[in-house]
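Below is one structure, written out as structure tokens, with a few remarks after it.
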Amino acid sequence: MTFRDTIGLALRNLRQAKLRTALTTLGVSIGIASLAGMVSLGVGLQEQVVGRLLQSGVFDAVTVVQAGELGGAAQFLNGRGRGGLRGEFGGRGNGSGSTPAPKLDEQALKQIAAMDEVREVYPNIRVPVQLKVGDFSRQVALVGVPMSSKGEGAFQTFSFGAFFTSDTDHDCMLSLNMAKQIAEQAPAGLVGKTATLTYPARAKEKPADLAIGFDVHPAELQCRIVGIVERDPGGLPFGGLGPNVGVMIPMGLAKTIDAEIVFPDLQSLLREPSQSKTYGAVTVKVKQAKSTQDVEDRLRRMGFGALSVNDALRGAKSAFILFDIVQGLVGSIALVVSSLGIVNTMVMSILERTREIGIMKAIGADNEHIRRIFLIEASVIGVIGGLLGVAMGWIVGRAINFGANLYIQSQGGTPATVFSMPVWLISAAIALGVIVSLLAGSYPASRAAKLDPIQALRHD
Amino acid sequence: MPTLLETQNLKKHYRMGETLVRALDGVSISVGEGEFLALLGTSGSGKSTLLNLIAGLDHPTDGSLRIDGNDIATMSNEDLGRHRRQSVGIIFQSFNLISTMTALDNVTLSMMFAGVTRVEREQRAAVLLESMGLAGRLRHRPSQLSGGEQQRVAISRALANRPRLLLADEPTGNLDSRTSHEIMEVLKGLNEREGKTIILVTHDANLAAQYAHRTVVLMDGVVKTDSPS
Chain A
-12 MTFRDTIGLA
-2 LRNLRQAKLR
8 TALTTLGVSI
18 GIASLAGMVS
28 LGVGLQEQVV
38 GRLLQSGVFD
48 AVTVVQAGEL
58 GGAAQFLNGR
68 GRGGLRGEFG
78 GRGNGSGSTP
88 APKLDEQALK
98 QIAAMDEVRE
108 VYPNIRVPVQ
118 LKVGDFSRQV
128 ALVGVPMSSK
138 GEGAFQTFSF
148 GAFFTSDTDH
158 DCMLSLNMAK
168 QIAEQAPAGL
178 VGKTATLTYP
188 ARAKEKPADL
198 AIGFDVHPAE
208 LQCRIVGIVE
218 RDPGGLPFGG
228 LGPNVGVMIP
238 MGLAKTIDAE
248 IVFPDLQSLL
258 REPSQSKTYG
268 AVTVKVKQAK
278 STQDVEDRLR
288 RMGFGALSVN
298 DALRGAKSAF
308 ILFDIVQGLV
318 GSIALVVSSL
328 GIVNTMVMSI
338 LERTREIGIM
348 KAIGADNEHI
358 RRIFLIEASV
368 IGVIGGLLGV
378 AMGWIVGRAI
388 NFGANLYIQS
398 QGGTPATVFS
408 MPVWLISAAI
418 ALGVIVSLLA
428 GSYPASRAAK
438 LDPIQALRHD
Chain B
299 MPTLLETQNL
309 KKHYRMGETL
319 VRALDGVSIS
329 VGEGEFLALL
339 GTSGSGKSTL
349 LNLIAGLDHP
359 TDGSLRIDGN
369 DIATMSNEDL
379 GRHRRQSVGI
389 IFQSFNLIST
399 MTALDNVTLS
409 MMFAGVTRVE
419 REQRAAVLLE
429 SMGLAGRLRH
439 RPSQLSGGEQ
449 QRVAISRALA
459 NRPRLLLADE
469 PTGNLDSRTS
479 HEIMEVLKGL
489 NEREGKTIIL
499 VTHDANLAAQ
509 YAHRTVVLMD
519 GVVKTDSPS
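Order-wise, the sequence lines are chains A and B. In terms of our numbering, the first sequence opens at residue -12 and continues consecutively. In terms of our numbering, the second sequence opens at residue 299 and continues consecutively.
Next up, the structure:
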């Protein structure tokens, strides 16, 4: 008996019970659709998260802080699941107090910049200033942006205008959000206008009539708005600029403000002007993303706290694997139920066709012929169910994508692909449909094959 | 006349609840090539059990059953399958056609298991059915055929793989007397013109006397008489 004959016979048998075949196939396709849908949601979300991280251009960035000051950032990372950082900070410098932690000052910056793999080092400057544009006036966060950030991360897409042209020009950029707050109707018109930044600065000379302390006076800086960035450049704690960035100025200019500004905290009030300025955090950009870990380790050996987004990404990836497994399990339940449907259908069909099986055996079929006919019937259900299931999963995924994007856009976000169905998933889903139905069909098929022909012929 | 089939002390016992049923309890017969043999007996005499063993549908409990020198008693399931496909053709009282298949498909099915190509088996099935006077009935389903026509389809199916031995289990049991004789004439013709060896199981002594060369009477699983008709 040829394979083609077996398929022909199997298809004929399936056609004999159209409704039952259709319902069972529908069951399988729902199982496959739920599994494929679940996995594709997982894949889509992972692509979104990893893709956004990659796009942010922070894979080559290491954030350096003075040891013992990691606090919030470390918590942020540990909260993400994997504790690759636990115990790596804090032990040095602030524990027994044997060696004081090295200061993150200009000298340390030069030292780090001299390392082989390091491309650039700049301090993370983020200070509160009063922003005035025309009638608009508000306290906002001012951050320094190095010239090297041009074309990276958030600075890939400008709504209006462009990046700074020089590190020391009195220029500034705004986020689109900020620009809309200033001029809701026509944010484009802000480009070319002048913004005034006011901040508390210490006087150069200590007034004679003060025993301790110093004189604080408001300093003012005029700068021209050159560009409006579409995406908020904040978001990520490492290499990014932090949340709610109001106004961005060139790094060189930011350094001069940072040197003068007085924070309303005791440390900066008591600091002697002669004392060298230390930074809270410094961003180290490495030449190649793969050496990030290496640089991180070396910085730790130097006594600094170091963090990179790699740590977060590792955590996120393993969290996604867990997420995928859980989703796969949930989807599998539907598939298991539908495979029981196959078993049920096949057992029913064997009962109905017992006499027919007896006849076939009497006129020359052996056990193997009968087994193959039923296995092929099961796998035909599997193939059709798999194809239909993938199609259903795809359509449902599309619908969810559409709905999710409607919501995202209503919230002012950029559209994203939440469901992703790569080719491997499509072929795996169909293959799974066939495998599951073969497994489900194997018991009924061998039961049919082992039927005693004499008993079967008496059956009616 | 060379021997085609020979049984020696053939036994078939099976349990039915607590009791042991001796359906066949030591049957020794031999059938020559080209012979038309009638197995006569009341129900429960063991005639159908013997036919099922010869057809390769069951394993004997003891004894030997040789067809063309091969002992069916020691055959594996695969060998029995081949035996059913190649050596014997079987005809039933209730026709046992597959109700969802056309006459043509019913006949081609046995050739499908034997691995005959589609074109060849459809051609042969058509020739066989036409020779049975069913030329206009190839695409009819069993329910669209009379009893006699259905049995002719079944005979065509039994002949499809060119077996030397035809086994007929009460082939006229469901037919009226006129149709019965027509079917018996068909079998007689096959025996006389094509030299097919035929074993006919029946409880009708007249039918046996009229068509068979020899009649073996079975009673309670043993041969009671074995005489030429």
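We put the beta carbon where it would ideally sit given N, CA and C, even for glycine.
Check	Outcome
Look at Val108/A and Val282/A and say whether their C-beta atoms are less than 7 Å apart.	no
Jot down the residue ranges of each uninterrupted alpha helix (DSSP H) in the segment 350 to 404 of chain B, minimum 4 residues, whole runs only, in chain order.	375 to 384
Given a limit of 7 Å on CB to CB distance, which residues of the segment 349 to 383 of chain A reach chain B?	Ala349, Ile350, Gly351, Ala352, Asp353, Asn354, His356
Is it true that the CB of Ala101/A sits closer than 7 Å to the CB of Gly292/A?	no
Going along the chain, which residues of its own chain have a beta-carbon closer than 6 Å to the beta-carbon of Gly31/A, five neighbours each way excluded?	Thr404, Val405, Phe406, Ser407
Using DSSP with H/G/I as helix, E/B as strand and the rest coil, what is Leu240/A?	helix
Indicate whether at least one CB of chain A lies closer than 7 Å to the CB of Asn472/B.	no
Starting from the N-terminal side, write out each stretch of the alpha helix (DSSP H) that is 4 residues or longer and does not extend beyond the segment 89 to 154 of chain A.	93 to 100
What is the rounded straight-line gap between the Cα of Asn404/B and the Cα of Gln35/A?	59 Å
Taking only the alpha-carbon atoms, compute the straight-line gap between Glu492/B and Thr(-11)/A and give it to the nearest angstrom.	30 Å
Any Cβ of chain B within less than 7 Å of the Cβ of Met335/A?	no
Taking 7 Å as the cut-off, decide whether the C-beta atoms of Arg7/A and Thr341/A are in contact.	no
Scan the segment 396 to 421 of chain B for residues whose Cβ lies nearer than 7 Å to a Cβ of chain A and list them as they occur along the chain.	Ile396, Thr398, Leu407, Ser408, Met410, Phe411, Ala412, Gly413
Count the CB pairs spanning the segment 334 to 351 of chain A and the segment 16 to 31 of chain A that are closer than 8 Å, and state whether there are at least three.	no
Determine the burial state of Thr523/B: buried for a count of at least 16 other Cβ atoms within 10 Å of its Cβ, exposed for fewer.	exposed
Opposite Ala206/A in the DSSP bridges: which residues?	Tyr186/A
Could you tell me whether the segment 163 to 179 of chain A touches the segment 201 to 218 of chain A, where touching means 3 or more Cβ pairs closer than 8 Å?	yes
Apart from the five residues just before and just after Glu468/B, which ones in its own chain have a Cβ nearer than 7 Å to its Cβ?	Gln391, Val499, Thr500
Alpha carbon to alpha carbon, what distance is there between Asp474/B and Tyr312/B?	34 Å
Are the Cβ atoms of Pro461/B and Ser374/B separated by less than 7 Å?	no
Would you list the one or two residues that DSSP bridges to Pro526/B?	Arg512/B
Taking DSSP as the reference, what is the three-state secondary structure of Asn307/B?	strand
Which residues share a DSSP beta bridge with Ile496/B?	Phe334/B, Leu464/B
Identify each residue in the segment 329 to 349 of chain B for which the Cβ-Cβ distance to at least one residue of chain A is less than 8 Å, and report them in chain order.	none
For a contact meaning CB atoms closer than 8 Å, what does Glu447/B contact in chain A?	In chain order: nothing, as chain A lies at least about 18 Å away.
Apply the 10 Å Cβ neighbour rule to Ile382/A and answer buried if 16 or more other Cβ atoms are within range, or exposed otherwise.	exposed
Which value, in whole angstroms, describes the spacing of the CA atoms of Pro358/B and Leu351/B?	7 Å
Closest to Leu240/A by C-alpha separation, out of Asp154/A, Thr185/A, Pro205/A, Ser295/A, would be which residue?	Asp154/A
Relative to the C-alpha of Ser146/A, which candidate in Val116/A, Val178/A, Gln396/A has its C-alpha closest?	Val178/A
Cα separation between Arg450/B and Leu464/B?	14 Å
Which residues mark the beginning and the end of the alpha helix (DSSP H) in which Leu362/A is found?	354 to 397
Using the beta-carbon count (16 or more within 10 Å), is Leu123/A buried or exposed?	Checking the sequence, you will find Phe at residue 123/A rather than Leu. So Phe123/A ends up on the exposed side.
Exposed or buried, Asn394/B, counting other C-beta atoms within 10 Å across all chains shown (16 or more means buried)?	buried
In this structure, how does DSSP classify Ile300/A when only helix, strand and coil are distinguished?	According to the sequence provided, residue 300/A is Leu. The question's Ile does not apply to it. Three-state DSSP puts Leu300/A in a helix.
By the three-class DSSP mapping on this structure, what secondary structure does Ile(-6)/A have?	helix
How about Ile344/A: is its C-beta nearer than 7 Å to some C-beta of chain B?	no
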